[in-house]
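Asker: Take the position in the sequence shown, starting the count at 1, then add 5; the result is the number in the numbering used here. Glycine included, each C-beta is placed from N, C-alpha and C at the ideal position. As the structure is a prediction and not an experimental result, all values here were calculated from the model. Below you will find the structure I want to go over with you.
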Amino acid sequence: MGLELNELPFIAQGHSYPLEEGMTVAVEPKIVFPGEGAVGIENTAVVTKNGYKILTPIEQKIFHI
Numbered sequence: 006m007g008l009e010l011n012e013l014p015f016i017a018q019g020h021s022y023p024l025e026e027g028m029t030v031a032v033e034p035k036i037v038f039p040g041e042g043a044v045g046i047e048n049t050a051v052v053t054k055n056g057y058k059i060l061t062p063i064e065q066k067i068f069h070i
C-alpha cells in the first residue's frame with residue numbers, strides 16, 4: 006500500500022495526524038519480551054466515511070501454538 010517501511014500518518018505519543026476517508030493504514034501492535042524476542046500482528050485497513058474496513062484477508066481469531 007506504501008513505498009516505505011514507515012510512512013505518515015502514524016499514531017504515536019506526541020504526534021497528531023488526521024485520518025481521512027480513503028486513507029490506507031497498517032495497524033501493527035507489537036510486544037517485546039526482553040532477552041527472548043518479539044511478536045506482532047498487522048492488519049491493513051482503509052478509512053471509510055463511517056469508520057474503517059479491514060483489508061487483510063485472514064480470519065480474525067486467536068491462534069494457539
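Look at the Cβ atom of V52, then the Cβ atom of E33, and state whether they are nearer than 8 Å.
Answerer: Here the question's residue 52 lines up with position 47 in the sequence shown. Here the question's residue 33 lines up with position 28 in the sequence shown. No. Outside cutoff.
Asker: How many angstroms separate the CA atom of Y57 from the CA atom of V37?
Answerer: Against the sequence shown, residue 57 aligns to sequence position 52. Against the sequence shown, residue 37 aligns to sequence position 32. So the alpha carbons of these two residues sit roughly 28 Å apart.
Asker: Hey, how far is the Cα of I59 from the Cα of T29?
Answerer: Within the sequence shown, the letter at position 54 stands for residue 59. Within the sequence shown, the letter at position 24 stands for residue 29. Their backbone Cα atoms lie some 10 Å apart in a straight line.
Asker: For G19 versus K35, is the C-beta spacing smaller than 8 Å?
Answerer: Residue 19 sits at position 14 when you count from the first residue of the sequence shown. Residue 35 sits at position 30 when you count from the first residue of the sequence shown. Not a contact, by the Cβ cut-off of 8 Å.
Asker: State the DSSP-derived secondary structure class of I67, mapped to helix, strand or coil.
Answerer: As a first step, residue 67 is located in the sequence shown; it is residue number 62 there, counting from the start. Three-state result, I67: coil.
Asker: In chain order, what are the residue ranges of uninterrupted beta strand (DSSP E) at least 3 long that sit wholly in the stretch 7-61?
Answerer: Complete beta strand (DSSP E) runs here, min 3: 29-32, 35-38, 42-45, 48-53, 56-59.
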